[in-house]
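According to the numbering used here, the sequence shown is numbered sequentially starting from 1.
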Amino acid sequence: MKQTDYVPLLKMLSEAYARHAPRSAALQQRAESALVDGGSHAVRLMQPFPPRIKRSQGAWIEDEDGNRLLDFWQGHFANILGHNPALVTQALAQAFNNGWGLQSGFVDRLQVELAELLCAQTGHERIRFTTSGSLATMYATMLSRAATARSLVLKMGGGWHGSQPWGLKGVHWDNGFDQLESLGLPPSSDTDVITTTFNDLDQLQQHFREQGDQIACLIIEPVIGGGGMIPATPEFLQTARQLSEHHGAVLICDEVITGFRYRAGDVAQLYGVKPDLTTLGKIIGGGMPLAAVAGRADILDQVGRVGGHSVAFSGGTYCAHPASLLAAKTLVTHLIARETEIYSQLGETGVAIRAIVTEAFSGEGIEVRFSGDQIQDLPAGSLHGLVIPQKQGLALNSPVEVSDPSLCHTLLADRILQLAFLLEDIHVMHGIGSNTTAHGESEVQYLGEACQRVARQLEPYIS
Ligand SMILES: Cc1ncc(COP(=O)(O)O)c(C=O)c1O
C-alpha cells in the first residue's frame, strides 16, 4: 500500500534542510521582517526557505553556509553559458574601468549594433528594447490591439508571459486554466483574455471559428516554459500562424525563454513559422536586464513618428541600459559565431541528463518522464520538465496533463523533489530546469547519483 500523505515527508525534508543550511535559515527569518516572504520574486522563495547565494560560477552556486550547489535553474533559464561567464564579466569590468557603462539616458552605437544583430537573426524588420519580458509581452499586446482595433487576447492555458494585465489569467492549474491570477486587475483582464489548450488543434480552430473577427492577437511560446517545457507540435504552431493570418490577428511568439536557446535566434524559424511579433528577454541580456519586441515594421512603427506615436511603448529610465547592451552584444555575438558547437553541446548534454535521470528513477522502480517527450521534431533541447505520471501512456503534450494532480504526481515532482535535491546540493526548478554549456559530464554524473538517493525517498509515495 503506497503512502499518500506527504506531510511527514515534507516535514522530515524541511527539518533536514534547516540543519543543512542554518545560515540561510537565519537569513530567511531576518528577511521576512523587511521583505514580503523574504524576497522579491515568488518562484525564488521556496519553503521552508531558499538558499541565500554568495557567489556562483558556471554550473555551480555557493550559499551562505558554504554548500556548493549544482544549479539547473540558471537565472530563470537566462544563462546559457552558466553563471558569470568570463566572456561577459570581463567585457563589463573593462568597460566600467574605462568610464563606460552606467551612463543611462543616451543612445549609443551598441544599441544600433545589437538591434541589427537581433533583427538579422530573427528575420524581423524592427526592434525596440525594454527592461523585462513582462513589459515586452505587454507592449506586444498593446501593439496588436492597436493595429487590429480589436480587444481579445488568445493565450495558452498554463502559459506565463510575465506579470502584466493580459498575462495574468490561466497560468496556474485550478481545475483548468481559466482563472485570473491576481486581484486588482482591470475587469477587462478577464473578459479580454481567453485561454486555449496548448497543442490542441480542435480547440484552437474553434476559438477562431467563433471569435476570429475579435481576436487581436494570439500569443504563444513555441516551447511552453512555465507550463511544463513542452514544445508545440509543428502542426499546432503552423496552424496558429495560418489561422491568425486568415483572421487578421497578430501572431506573437513569446520567445523570452526560447530565443537563443535552441539556435542563435528565434526557435519559430525551426518550425518554418514567421510571427508578426517576437518577444525576447532572458538569454539575450547576457545576465543583465534586457528584453525586446521585434517584428513587422508596420506594427512597431505605431510607436514612433511614422505612426504618430499612437502606441505608448516608451519610457523606461533604464531601458536599453548600456551595461545590458554590452553584456547582450558580447553574448549574442559569441552565440552567433559558435552556433553549431554551442547548440549541439547543449542538446547532447540535455539528452544525457534525460537518460541518466530516467534510468536512476527506474532503477528504484519509478517511471519518470519528461514533458513533451513524444514530440521529437525540434533538435534536442536543454529545458527539462520532469514529470511523475500516475497513469501509463499519457501524451504529456499540454500543460493540462502535466499540471493535473489526478494524472501526475505534481507535488512530488515539484516542491518535494526540489527540497530532496537541495539536500543533495542540487538546485532544480519545475522538475529539473535547464542545462548550460557549463554542465559537463561530471555534472551529469553528479545529478544521476543524487537521483538514485532521491528516488529511494520518493518511492514509498509513488504507485
Ligand atoms: C515566456 C515568458 N514570457 C515572459 C516572461 C516574463 O519575463 P520577465 O520575468 O523578464 O518579466 C517570462 C518569465 O519567466 C517567460 O518565461
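A virtual CB, placed ideally from N, CA and C, is assigned to each residue, including glycine.
Within 6 Å of the C-beta of residue 257 there is at least one heavy atom belonging to ligand 1.
For residue 390, same chain residues with a beta-carbon under 8 Å away, outside a window of 5 residues either side, are 406, 407, 408, 409, 463 in chain order. Comparing alpha carbon positions, the residue from 88, 128, 73, 171 closest to residue 430 is 73. Per DSSP, residue 299 is one residue of the alpha helix (DSSP H) stretching across 297-300. Put simply, of 231, 356, 353, 214 the residue whose alpha carbon is nearest the alpha carbon of residue 222 is 231. Relative to ligand 1, residue 132 has its C-beta within less than 6 Å of a heavy atom. Within the same chain, 53, 69, 71, 83, 427 come within 7 Å of residue 61 by CB-CB distance, once the 5 residues on both sides are set aside.
The Cβ atoms of residue 236 and residue 199 lie closer than 7 Å to each other. Distances between the C-beta of residue 100 and the heavy atoms of ligand 1 are all 6 Å or more. The Cβ atoms of residue 352 and residue 454 lie no closer than 7 Å to each other. In this chain, the beta strand (DSSP E) harbouring residue 217 covers 215-220.
The DSSP-derived three-state label of residue 234 is helix. Assignment of alpha helix (DSSP H) within the stretch 177-203, counting only whole runs of 4 or more residues, yields 188-192 in chain order. Relative to the non-hydrogen atoms of ligand 1, the Cβ of residue 221 comes within a distance shorter than 6 Å of at least one.
The beta carbon of residue 254 sits closer than 6 Å to at least one heavy atom of ligand 1.
Not a single heavy atom of ligand 1 lies less than 6 Å from the C-beta of residue 227. When DSSP states are grouped into helix, strand and coil, residue 41 belongs to the coil group. Residue 56: member of the beta strand (DSSP E) spanning 53-57, first to last residue. Around the beta carbon of residue 154, 16 or more other beta carbons lie within 10 angstroms, which makes this residue buried.
In terms of side-chain proximity, the C-beta atom of residue 247 is found no nearer than 6 Å to any non-hydrogen atom of ligand 1.
For residue 156 against residue 196, the beta-carbon gap comes to about 6 Å, under 8 Å, which counts as contact.
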